[in-house]
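The numbering used here puts the first residue of the sequence shown at 245, with every later residue one more than the last. By construction, the Cβ of each residue, glycine as well, lies at the ideal position given by its N, Cα and C atoms.
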Amino acid sequence: MDRADIKSMSFPRLAEECKEMELPSFRAKQIYKWLQVRGVESFDLMTDLSKELRSTLDKHFEIFSCSIKRKQVSAIDGTVKYLFELNDGELIESVVMKYKYGHTICVSTQVGCKMNCAFCASGLSGFVRNLRPSEILSQIHAAQNDLGISISHIVLMGMGEPLDNFDNVMTFLELVSNSDGLNISMRKISLSTSGIVPRIYDLLEKKLQLTLSISLHAPNDEIRSSIMPVNKKYGIDELLKACREYAKLTSRRTSFEYALISGVTDTDECAEQLASKLKNMLCHVNLIPVNEVAENSFKRPKSEQTERFIGILEKNGINATVRRSLGSDIDASCGQLRNRHKEGEKSVC
245 MDRADIKSMS
255 FPRLAEECKE
265 MELPSFRAKQ
275 IYKWLQVRGV
285 ESFDLMTDLS
295 KELRSTLDKH
305 FEIFSCSIKR
315 KQVSAIDGTV
325 KYLFELNDGE
335 LIESVVMKYK
345 YGHTICVSTQ
355 VGCKMNCAFC
365 ASGLSGFVRN
375 LRPSEILSQI
385 HAAQNDLGIS
395 ISHIVLMGMG
405 EPLDNFDNVM
415 TFLELVSNSD
425 GLNISMRKIS
435 LSTSGIVPRI
445 YDLLEKKLQL
455 TLSISLHAPN
465 DEIRSSIMPV
475 NKKYGIDELL
485 KACREYAKLT
495 SRRTSFEYAL
505 ISGVTDTDEC
515 AEQLASKLKN
525 MLCHVNLIPV
535 NEVAENSFKR
545 PKSEQTERFI
555 GILEKNGINA
565 TVRRSLGSDI
575 DASCGQLRNR
585 HKEGEKSVC
């Protein structure tokens, strides 16, 4: 019989489990703190519990965690990229970035990805499985414990499509924002999606104060469908309608991620079309000169064209910035480190 995933349990659920084991109520608080705040990877590390109790917990429960398989540190800006190994041997990636306001972590929500976006490396090895809430959370704990820092902001923009793992991601959000856990405010969390429209409406019903980030990357269905297969099912107009309703209900500004691909999405015409689509919308456009990878021929636009693109958007009243490039001297794209390791690249921390 499989042991239960104790780290994915809410405090009420954990308290109920402890009650069934006839443990005093304060034990649940101790165990919850070890799991949710300190992020321990073993019951043996819960030093204020008896050895007998630790052994009992180990028989009934499993702590799903991340161990560092490889770590890369940028010599330019200190950005840290992790290749984590999960309990079952699968590999995922996370990135920690330092800003003036604190440390942000970009976490993965799946092993691999189903979306198959043409410019992204995450789906190159295909989809393997969803991550448990505990496995998403453990990326934060592992990074904090390794670096000796406190993470202040979270972006769900790593490997995988968060809304394709909806229930587990919602549980993760409940755990990470809990005042007795890491207590990271929803306003400091961004969730990125390629545009699974029904799930955006499901998210809307939760009325969370997180930032919804849309991987838009094109101004019309023809271009977007050619680089993002999800658009063939949920077109741009349908997607933007959901975004407008989300912004209206939550009063939160939607962030649109837009990859600038030379000769594909960076033209003046594209800028004009994008401005027209987003007119009078509570939003911000985050322009991202595409990461060049060996698996496709996409190229970054020249800086002059990027500035021209921004100018057209701003002329039309659309707020836009170019994403700051961090960790340019380490693997640029999410999924690259995992793919190279699976292909046999020597792993050296």
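Residue 413 sits in a helix when the DSSP states are folded into three classes. Contact annotation: residue 351 and residue 373 have beta-carbon atoms that are not nearer than 8 Å.
Per DSSP, the unbroken alpha helix (DSSP H) holding residue 441 starts and ends at 441-450. Here the alpha carbon of residue 513 sits roughly 22 Å from the alpha carbon of residue 476. Assigned with DSSP and collapsed to three states, residue 533 falls in strand. Between residue 545 and residue 510 a beta carbon distance of about 4 Å is seen, short of the 8 Å cut, so the two are scored as contacting.
DSSP places residue 543 in the coil class of the three-state scheme, outside both helix and strand. The way I'd put it, the region 328-348 does touch the region 296-315; three or more beta-carbon pairs between them come closer than 8 Å. Per DSSP, residue 384 is one residue of the alpha helix (DSSP H) stretching across 377-391. Nearest neighbour of residue 428 by Cα position, chosen from 452, 449, 410 and 398, turns out to be 398. Here DSSP, grouped into helix, strand and coil, assigns residue 337 to strand. Of all C-beta pairs linking the region 526-534 to the region 558-568, three or more are shorter than 8 Å, placing the two stretches in contact.
Spatial neighbours of residue 346 in its own chain (CB-CB distance under 7 Å, excluding positions within 5 residues in sequence) are listed in chain order as 396 and 397. Rounded to whole angstroms, residue 485 and residue 315 show a C-alpha spacing of 41 Å. Here residue 408 is buried. Its C-beta has 16 or more other C-beta atoms within 10 Å. Distances from the CA of residue 453 to each of 433, 515, 290 and 465 were compared; the closest alpha carbon is that of 433. Here the alpha carbon of residue 504 sits roughly 20 Å from the alpha carbon of residue 523. Counting along the chain, the unbroken beta strand (DSSP E) around residue 437 starts and ends at 433-437. Secondary structure note for residue 467: its alpha helix (DSSP H) is the uninterrupted segment 465-471. In the DSSP annotation of this structure, residue 297 is not part of any beta strand (DSSP E); the continuous alpha helix (DSSP H) holding it starts and ends at 295-304. When the five nearest sequence neighbours on each side are left out, the beta carbons in the same chain lying within less than 6 Å of the beta carbon of residue 462 are those of 468 and 509, in order along the chain.
A residue is called buried once 16 or more other Cβ atoms fall within 10 Å of its Cβ, and residue 376 is buried on that count. Rounded to whole angstroms, residue 431 and residue 497 show a C-alpha spacing of 11 Å. Under the Cβ criterion (8 Å, minimum of three pairs), the region 414-422 counts as touching the region 251-259. For residue 381, the closest of 326, 426 and 405 by C-alpha to C-alpha distance is 426. Around the beta-carbon of residue 320, fewer than 16 other beta-carbon atoms lie within 10 Å, marking it exposed.
Annotated three-state conformation of residue 458 is strand, per DSSP. Taking each of 507, 557, 521 and 552 in turn and checking the Cα distance to residue 534, the smallest one comes out for 507.
It is roughly 21 Å from the alpha-carbon of residue 440 to the alpha-carbon of residue 369.
In the assembly as shown, residue 406 is a buried residue. Its beta-carbon has 16 or more other beta-carbons within 10 Å.
Nearest to residue 336 by C-alpha distance, out of 357, 298, 394 and 323, is 357.
In the structure shown, the three-state DSSP call for residue 475 is helix. Residues of the same chain with a CB within less than 7 Å of the CB of residue 465, apart from the 5 flanking positions on each side, are 475, 479 and 480 in chain order. For residue 424, the closest of 276, 265 and 362 by C-alpha to C-alpha distance is 276. For residue 251, there is no enclosing alpha helix (DSSP H), as DSSP gives it neither H nor E. Partner residues in the beta bridge of residue 400, as assigned by DSSP, are 435.
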